[in-house]
């Protein structure tokens, strides 16, 4: 009996996972019934949304389900409970009394029957056993029995022989039967497994990303339904066919776009999610701005495609978190991931329901007469609200560390036969521990690229299957590093002078190396400008997870090489700038050419080979300021059979010669 209770609780917990087609049919039925009885469909919509809220809330707050929730989620539910009580008092008690409307009580009773049908049939489905055919027969009998005993007599009594209401009720019963027959109750899993999942920082970011996305979707969908109903209310029952046709169109577009994304292996890219969110936001704005049927269909298509992009990413990312088991040495069951997803979806539904109830309650009191002016009021007051939530979701997406790069590394770690402690520790620090992803620099890079456009040449020289590699670029003062960061098309960790990363050293270092030469400025202004720029530069450098280089400290330099080898073991490429400015008369980096190299950097090849048995490749790069090109040359492979000193000098000389040749070729 205990297992049966768990099955029932978990199944009912999933009731409000999304506004399924059944919810939409019953919402439209409630709106039409309210339109017939009161002349105001928004009252019926508010009552039905209130019913959904309490069904979902009661299951989330049940004894078995609440043990899965975090303390912050429980606190949020407490606030939602108080708000829901206040709104329900206004809607179900004050509204009928102030408006002197007994018909509104009839509407409440009818919605109660719809909600009761959902609960009764869900509980029955969890208790019924037998073959698929036997369960179908029993569930059909229960649905028909409830319809015949409760719903049909109520329809005849309250609405007479209104065929539209009867057809919608029958359609809802049919959809409920098909849906329930196709679903299986979730399997119970211990609540302690959820605590493990909540301790993973990247999963917490994923939950926030999904939560605000779902809130935006629920609000956008329902507000647009209300908006459409206002403009087409004079069409009577036909308005419901229009709305259902629109929803079906969006569902089909979403389904096929989702399938294409999953098949193209793009489903887990954060960029796809952000692009889909941007498409959804733009099409949402346009949907509320047009009344033309053809344009509405076009924007609805974009709306559905944007939704598909986001849903594909959320679905794919959710599956990837199972691989984190290899980082925490503890299995994450599929049931836990499913349960967590349902929790996020239900919480989003509760929050969006409260927001909708607040607006619907206000509209019912201040706009009791429904018509086209109501749609204009909706457009002017609430159309931006879903967009705000979607923008918050985008911020979470930008903070997400489970990007395509780390997914690939995680999959490689999970499938590797040989242990890789360096890669495991790196991924654990990024995905499990609290990790701050500085996405502001990435946005700045996107903004800067059009102004610093360069053509990337020589990609065919790079063997990505042999990564990690070391990329060696000319410096050209600050020009080379900026262009390399913007246009090197591979993931990397740069070598950076430790003085540029230390808060107490960067200002004097930048002043001495750059700003002190600006003699056309007063000294006080030069120092002030240095302090201003230094903070921004340090913030930008830290965003690339740099490897600090201690040039005048042997112990610190040894740590630089060790960090570099560890990074390469974690499948990170290295980017460095080995030119020696001290070799020139003015102690400055060469511009438009390549200066003499330090040679010590080439020790990375020997150290990496000794640690892993793999021979890394060094790739020369030349950033040409005059021609606006970023050229990658042929790789120079480490040769372990050569004497270490000779091999170090060979690599440095060949890289320097290759870059000088690229500089001459560009002239």
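Numbering (my numbering), first residue to last: 61 to 727.
Ideal Cβ positions, reconstructed from N, Cα and C, are used throughout, including at glycine.
Buried/exposed call for residue i, threshold 16 Cβ in 10 Å
i, result
"residue 193", "exposed"
"residue 327", "Residue confidence for residue 327 is low, a pLDDT of 45 falling below 50, so the modelled location carries little weight; the figure read from the coordinates is stated next. Burial call: buried."
"residue 599", "exposed"
"residue 535", "buried"
"residue 374", "buried"
"residue 277", "buried"
"residue 541", "buried"
"residue 484", "buried"
"residue 507", "exposed"
"residue 119", "buried"
"residue 371", "buried"
"residue 86", "buried"
"residue 708", "buried"
"residue 481", "exposed"
"residue 654", "buried"
"residue 369", "buried"
Residues near residue i in its chain [Cβ-Cβ closer than 6 Å; skip 5 each side]
i, result
"residue 268", "456"
"residue 569", "559"
"residue 449", "272, 275, 276"
"residue 626", "482"
Own chain, CB closer than 8 Å to residue i, minus 5 neighbours either side, in chain order
i, result
"residue 414", "113, 140, 143, 144, 147"
"residue 392", "253, 256, 257, 381, 382, 384, 385"
"residue 674", "668"
"residue 633", "527, 528, 529, 530, 531, 550, 551, 552, 553"
"residue 491", "260, 261, 262, 384, 387, 461, 462, 466, 470"
"residue 517", "689, 690, 691, 692"
Residue i in three-state terms, based on DSSP
i, result
"residue 677", "strand"
"residue 485", "helix"
"residue 561", "coil"
"residue 611", "coil"
"residue 374", "helix"
"residue 264", "helix"
"residue 517", "strand"
"residue 529", "coil"
"residue 444", "coil"
"residue 394", "helix"
"residue 684", "strand"
"residue 538", "coil"
"residue 379", "helix"
"residue 509", "coil"
"residue 700", "coil"
"residue 552", "strand"
"residue 421", "helix"
"residue 188", "coil"
"residue 691", "strand"
"residue 658", "coil"
"residue 405", "helix"
Minimum C-alpha distance to residue i - residue among the options
i, options, result
"residue 521", "678, 284, 340, 198", "678"
"residue 274", "343, 443, 412, 349", "412"
"residue 162", "464, 97, 573, 484", "97"
"residue 105", "392, 172, 468", "172"
"residue 362", "344, 371, 353", "344"
"residue 174", "149, 187, 83", "83"
"residue 308", "263, 319, 360, 272", "360"
"residue 442", "86, 168, 285, 507", "285"
"residue 404", "134, 603, 691, 610", "134"
"residue 164", "125, 690, 93", "93"
"residue 454", "584, 576, 270", "270"
"residue 561", "548, 547, 130, 604", "604"
"residue 533", "452, 694, 126, 320", "694"
"residue 319", "364, 683, 621", "364"
"residue 445", "282, 670, 525", "282"
"residue 545", "305, 514, 697, 662", "514"
"residue 2", "688, 410, 379", "This structure gives no information on residue 2, because the portion of the chain shown stretches from 61 to 727."
"residue 333", "317, 347, 346, 348", "317"
The ligand COA heavy atom lying under 7 Å from the CB of residue i
i, result
"residue 311", "The ligand COA is not part of this structure, which contains no ligands at all."
Proximal residues to residue i (C-beta, below 7 Å), its chain only, five neighbours per side dropped
i, result
"residue 567", "590, 591, 594"
"residue 110", "148, 151, 417"
"residue 421", "106, 147, 150, 151"
"residue 130", "258"
"residue 624", "607, 634, 664"
"residue 78", "Caution applies to residue 78, whose pLDDT of 38 falls short of 50 and renders its modelled position unreliable; the model cannot decide the point."
"residue 474", "383, 386"
Q | Start-end ranges of the alpha helix (DSSP H) lying completely within the segment 566 to 639, minimum 4 residues | A | 566 to 573, 583 to 602, 614 to 629
Q | Every unbroken alpha helix (DSSP H) inside the segment 329 to 365 [4 residues or more] | A | 330 to 347
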